[in-house]
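Here's the structure, in structure tokens; my notes come after.
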């Protein structure tokens, strides 16, 4: 058997990557770095890992950055790197949500491509401004709705697009966790701290942190615009400001109906991102916890277990598959697939050509839709869980 | 190992049972007959299995009823049986929904106990009338929300009642099927026919047929009143009158929030009745498709798989467990547990005593709440999926 | 949906059943009684439930037998019942293993059909004698290798017979339990007591109690003679006389190879009866713990989950299916299927006709093969785990 | 949440890595390269990727090696690299089995550490020679029994060592695949070609390719010497020289008994590496297909699902865990853990110190035991599946 889909090779001319955020105590920064490294497409050369000078220095040292390219201020980093012959070509923004927009603007203005963590911004107004800036700049802008990188999510999307499910009727999406069941944010835990703080997270708590992933996953697979929603956001843990649970009804433009549940207070759930899609001809089920398998039920036929890497997987999944079936790929590989696709796009940009049409990493439009979704849920919930249009 | 919980014995003085409905082509009638037979507590002695004379005769013959006790009209049956020294003590009503109320009234007036299929009636008004009649009569009235008979459902209820989950915050209930994905009712299939016909099924289609089970299951396990709901009932199959899919948001009196999904057009789902309950201290998950196991997650601890019949199962589950763990019990055994408990209550009534407090079969109040739930969902949906109080 | 396969009806002229063994404290007797009752084909009229007079009396009373037909001695029962106009037509023998043969002989000689628990006898010599007696008598003889009654086991057999797997190459069978992990037999637990006592169980402990089921299941599904085996029987629990674990290599007449593991000291396993069969064209997997699904993998295609009661299930499975897919059937239903088929055979015998060719309950030959298997494993193990021919 | 166990950082002074084998069409070479890259501990600087000059050149180019450090002959590579100031410190040998020994010797003699694919050699004689050479050299020698790198395998080992299972009684190991169900090796498929060729693979086919992994996994977790075995190796596919299926009985030095099954002709199995271990106090089950969970059953208690990254995971698992529970890690991460531990050992060697005692990558002794196991199975099988001592 051979490594499928991609070479796993170390191409010459690796892409120069910078990072904003992701210093000591951060979670997602390290994930981005592994994702960038996995396929040997990038080399991390600069960073503004923390806005505290000493911490920025220590964090840069720990991951092997040169001291001269360890910055405290991302604006300075953008300016200076833009002047270097070997300055960063692309920057990963892995800060709390409220910094996404200013950091992205700084780099876009410097002509640096951007890979930005989700959600795009803390307000729709900002999201639209950022979109305008991105469009004006011509820079590549990727948003790490990383679950779209899983091969069997690609498979699901391909099957829906090919009409195998017929007309889509029902979408059940959910993302459940339990780590905020108690008031972790008062213990000094950094992740819990900013995620439950409106100033840094925005108006959405659980809905912005993980509900947006569930929404995006449905959007990515089904590809039908969401028209209206009715959301009940709840804060169960006393003293918490933002929602830690969300129940949402969904109306899609094609007449499909759906429900979305996201929670961070559901004991026994670690990262229970799960989607089920039903159409006139069949149904699909995928669960992030065991992501290498897609359950496919043509109406009236036995359910089939489609394995990543198997002959039953189509071209969209195979493109982002590294190893044969039965040897599981996981979260980091899915994340790396986004980086791999962005690398492809950057190389195409270097060459002045277009990226392959099969490249489907989420971008600025997905980001805008994601923020619009969050804002709509907050508005709906504030109105007593009334229907609002998107 | 021994048969646990119950003797499985054939007690002397079996209870004389009659049946209304359940003739040729019926499904649930045969299930009731097996359930009645399993523990040897009942003997079926009379029936009005069909309102068509010839079919009533043939159906009675097929299941071994004496011709003299095979009726066409259940009113006649109630009257005549009441005059026999060995007339029926209890009757099972397994007709389409619209006949539940008149049939039940006929037997209650004759002093015969009633086991009635769900939903109780087709309108809340009727449900309340029937409740009044039942209360006035002193007859035992059981409603076959049969899933409450599963041992691990009893276990879940017991754990919630014992406070093991802490305060309940979230309830996720669903019941999904696929058999009505296409327009089966126009093919002459009897089950599909009446279930999609408002005249016989009432105002709820999928919600009345199976959504009510999901509601009842949550109600049975959690025991907190539902205060408000917001329901989107949808009819996906063209030409169908009643809903075949329902998405519902739930607000409970104690502040808990929930979602309920029921569907009969979700390919790959046969009888996907599943419930998840989360509290401040832990979470539970149960799935009817593999009903012998309950997944229990105390917050911060590994998920445990509690097996029916195992030492970890408590007294409520053990009472309704026949065989040791690892040898699965199924749908019929769960159904039979309701019959077993009704038998116990009837024997207590014979003896002029009270049934054991542990007996928990669903009754007239569960029926009324179930119909109120259906009516509320229909009202909410008609109003464009607005919140309505119960 | 309708009750599939069978009517669930109460046929006129129920079969008169007797029982030997199965008194107070017994497990399997109660299971047989439920199995006999489930489809309303039998009526239990007599029993020699215990060889202790007072216990026999009490046990008979508890299950509703008339005092005049409650016996202490099964020989007397056989004699007397044979003289009654309404004497038993068939007897269920549910004693410890050492009583199977004498009890069976007593009833066969009286012209009474026999349903006998497994294993057939404690020695092959006796098994062959009993076979001769059965053949001479013309009586129906059924052996409750009850797992052959599960619909999806029938499905597996049908698929193998139809050649869907191609030539069979590999058979992996196992039956694992944990209830004898500690020395339960010294606590007075009746089931453990006789199963670990060579005088009552025969030369095989775990292998005779459950290994024989695993062997039979493979035999039933694959239908190829076992030619040679190499067995390592082990007694792990100190002070125990018989094996509590068995590892066996298998050589089949067609060149297939297999392995069988049975254990009663494997913590976490309740009744882990599981079989996997692989051929040149595909593989099957079935697990008794979740028995309503058969996993079928045609080589190079995705694994399919064939559900009991679904359109993908063939005629052999459908014949023994009572309720639609998604509503689980369990151990008792599988057991009842054996009783149902025996009832069919007895009715055919009453009528002087042949039973339907599709009736496939295990009989005297399966019993002889099972005992030969046990004896061969014991002989092989005593020789230091050498190959022995069957 | 933070990246657990390890920093995921890019330490200064990355280790200079070379590779032998792993050119075009190879599978495992690319896996090793990703594993080396994941934690940024290594930089690949030289390779003898193929013994065909043009192919070596093309392969080196494809993965970014400098032409001057792309070799055709690994002996030359060892010699030349040893003379470079920045020559390779460690080499990964990922050739067919027959080249493991000569390549390893070449590098050891040059003072280069070795990471070698399994099995160690094609004969026990060679394995012992290599062991002597390794010991004499003082070089670090790692063998990529990569499955030992999975966190939950570490967890299992730790629990056994801590006595949580009590005395070990039973070990059930299996590794099943289906990709050689048909005669793939005649189609030109490179992987199938050498694995079924005795000249390159050695005397074991399936047993050497994957059976040895199952053996090693049991050995790693349980840590008790295997004393005797009885093996039936079978070649099912006509025209194939080596075994494609193996059934083995096992006797351990402490009295434990086990069975091992490995197969490459079992349709529906991709990489079905699974182990179950039972002791006097409890049992464990782990399955490589869903590797982030360990099922733990203390006798008499409910089975617990221990999740990688959760509080229930101990220090051994946590050390090799990168991301929180619920975000799956897979095969590549497990592989990378071996590389991570070797890196640690190399850094300790650089510093003249000892590696941390917790570092447990498989080494030369595991390799020798693995080859001894293969030879014993071949000898046993040739003798008609008789017991042989190890």
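Chains as they are written, first to last, in this note's numbering: chain A, 399 to 788; chain B, 399 to 788; chain C, 399 to 788; chain D, 399 to 788. Note that CB positions come from ideal geometry on N, CA and C, so glycine has one too.
* Own chain residues within Cβ distance below 8 Å of residue 452 of chain B, not counting five before or after -> None.
* Would residue 780 of chain A count as contacting chain D if we go by Cβ distances under 8 Å? -> No, residue 780 of chain A does not count as interfacial toward chain D.
* **Own chain partners of residue 522 of chain B with C-beta closer than 6 Å, once the 5 adjacent residues on each side are dropped** => The answer, listed in chain order, is 769, 770, 773.
* Using the beta-carbon of each residue, which ones in chain G are nearer than 9 Å to residue 727 of chain C? -> Considering every chain present, this structure includes no chain G. Its protein chains are A, B, C and D.
* **Paired residues, beta bridge with residue 705 of chain A - DSSP** => Paired residues: A:691.
* To do: List the residues that DSSP assigns as beta-bridge partners of residue 511 of chain A.
  => Answer by DSSP bridge pairing, in chain order: A:488.
* Asked: What is the rounded straight-line gap between the Cα of residue 562 of chain B and the Cα of residue 613 of chain B?
  -> The C-alpha of residue 613 of chain B is placed about 22 Å away from the C-alpha of residue 562 of chain B.
* Asked: Is there at least one Cβ from chain A nearer than 8 Å to residue 608 of chain D's Cβ?
  -> Taking Cβ atoms only, chain A never reaches closer than 8 Å to residue 608 of chain D, which makes this a no.
* Closest by CA to residue 660 of chain D, which one among C:551, C:660, C:664, C:655? -> Minimum Cα-Cα distance from residue 660 of chain D among the listed residues C:551, C:660, C:664, C:655 corresponds to C:655.
* Looking at C-alpha atoms only, which residue of A:428, A:694, A:473, A:414 is the closest neighbour of residue 720 of chain D? -> Comparing alpha-carbon positions, the option among A:428, A:694, A:473, A:414 lying closest to residue 720 of chain D turns out to be A:428.
* **Euclidean distance between Cα positions of residue 781 of chain C and residue 495 of chain C** => It is roughly 25 Å from the alpha-carbon of residue 781 of chain C to the alpha-carbon of residue 495 of chain C.
* **Distance between residue 519 of chain B and residue 601 of chain B (C-alpha atoms, nearest Å)** => About 10 Å.
* To do: List the residues of chain A that residue 515 of chain B touches, going by C-beta distances under 8 Å, in chain order.
  => Neighbours of residue 515 of chain B on chain A: none; closest Cβ ~27 Å, over 8 Å.
* For residue 643 of chain A, the nearest candidate out of A:484, A:449, A:634 (CA to CA) -> Of the candidates A:484, A:449, A:634, A:634 places its Cα closest to the Cα of residue 643 of chain A.
* Should residue 752 of chain C be labelled buried (16 or more other beta-carbon atoms within 10 Å of its own) or exposed? -> Result: exposed.
* Please look up how many angstroms separate the CB atoms of residue 443 of chain A and residue 493 of chain A, rounded, as I've assumed it's under 8 Å. => With a beta-carbon spacing of about 19 Å, residue 443 of chain A and residue 493 of chain A fall beyond the 8 Å limit used to define contacts.
* Asked: Is residue 698 of chain B near the ligand MG, with its Cβ less than 7 Å from a heavy atom?
  -> With respect to small molecules bound, the structure shown includes none, and the ligand MG cannot be examined in it.
* Measure from the alpha carbon of residue 711 of chain D to the alpha carbon of each residue in D:697, D:692, D:586, D:728, then state which is nearest. => Of D:697, D:692, D:586, D:728, the residue nearest in Cα terms is D:692.
* Could you give the distance in angstroms between the alpha-carbon of residue 472 of chain B and the alpha-carbon of residue 760 of chain C? -> Each residue's Cα considered, the two are about 44 Å apart.
* To do: Answer yes or no: does any C-beta atom of chain B fall closer than 8 Å to that of residue 668 of chain C?
  => With 8 Å as the cut-off, residue 668 of chain C counts as an interface residue toward chain B.
* With a CB to CB cut of under 8 Å and the five nearest residues on each side skipped, what residues in its chain are close to residue 413 of chain B? -> Taking residue 413 of chain B as the centre and dropping the five residues before and after it, the same chain places the C-beta of 439, 440, 441, 487, 488, 741, 744, 745 closer than 8 Å to its C-beta, in chain order.
* At what residues does the alpha helix (DSSP H) containing residue 625 of chain B begin and finish? -> No alpha helix (DSSP H) contains residue 625 of chain B, which is instead part of the beta strand (DSSP E) from 624-632.
* Bridge partner(s) assigned by DSSP for residue 791 of chain C -> Chain C is shown from 399 up to 788; residue 791 of chain C falls before or after that span and cannot be answered.
* **Own chain partners of residue 632 of chain B with C-beta closer than 8 Å, once the 5 adjacent residues on each side are dropped** => Cβ within range, chain order: 641, 642, 643, 644, 645.
* Could you pull the start and end residues of the beta strand (DSSP E) that residue 725 of chain B belongs to? => Neither: residue 725 of chain B is in no beta strand (DSSP E) and is coded neither H nor E.
* Chain-ordered neighbours of residue 688 of chain A on chain D, where CB pairs are closer than 8 Å -> Among the residues of chain D, those whose CB is under 8 Å from the CB of residue 688 of chain A are 688, 726, following chain order.
* Thinking C-alpha only, which one of C:552, C:505, C:568 is nearest residue 535 of chain C? -> Just measuring C-alpha positions, the residue of C:552, C:505, C:568 sitting nearest residue 535 of chain C is C:505.
* Asked: To the nearest whole angstrom, what separates the beta carbons of residue 629 of chain D and residue 783 of chain D, a pair I think is in contact under 8 Å?
  -> About 6 Å separates the CB atoms of residue 629 of chain D and residue 783 of chain D; that is less than 8 Å, so the two are in contact.
* Contact list for residue 684 of chain D against chain C, beta-carbon separation under 7 Å -> Within chain C, no residue comes near residue 684 of chain D; the closest Cβ sits about 12 Å away, beyond 7 Å.
* Asked: Hey, is the segment 679-694 of chain C in contact with the segment 546-563 of chain C, meaning 3+ C-beta pairs nearer than 8 Å?
  -> Contact holds: three or more Cβ-Cβ distances are below 8 Å.
* Distance between residue 591 of chain C and residue 666 of chain B (C-alpha atoms, nearest Å) -> Near 46 Å, if we compare the C-alpha coordinates of residue 591 of chain C and residue 666 of chain B.
* Asked: If the cut is a Cβ gap below 9 Å, which residues of chain B does residue 553 of chain D touch?
  -> Residues of chain B passing the Cβ test: none, with the nearest at roughly 11 Å.
* Quick one: which unbroken alpha helix (DSSP H) runs of 4-plus residues sit fully inside the segment 556-638 of chain D? Chain order, please. => The segment 556-638 of chain D contains these whole alpha helix (DSSP H) runs: 588-593, 596-599, 610-620.
* How big is the Cα-Cα spacing for residue 747 of chain D and residue 764 of chain D? -> Computed Cα separation, rounded: 21 Å.
* Is any beta-carbon of chain D found at less than 8 Å from that of residue 715 of chain B? -> Chain D, which has no Cβ nearer than 8 Å to the Cβ of residue 715 of chain B, makes this no.
* Asked: Which chain B residues sit within Cβ distance under 7 Å of residue 664 of chain A?
  -> The contacting residues are 568, 676, 681.
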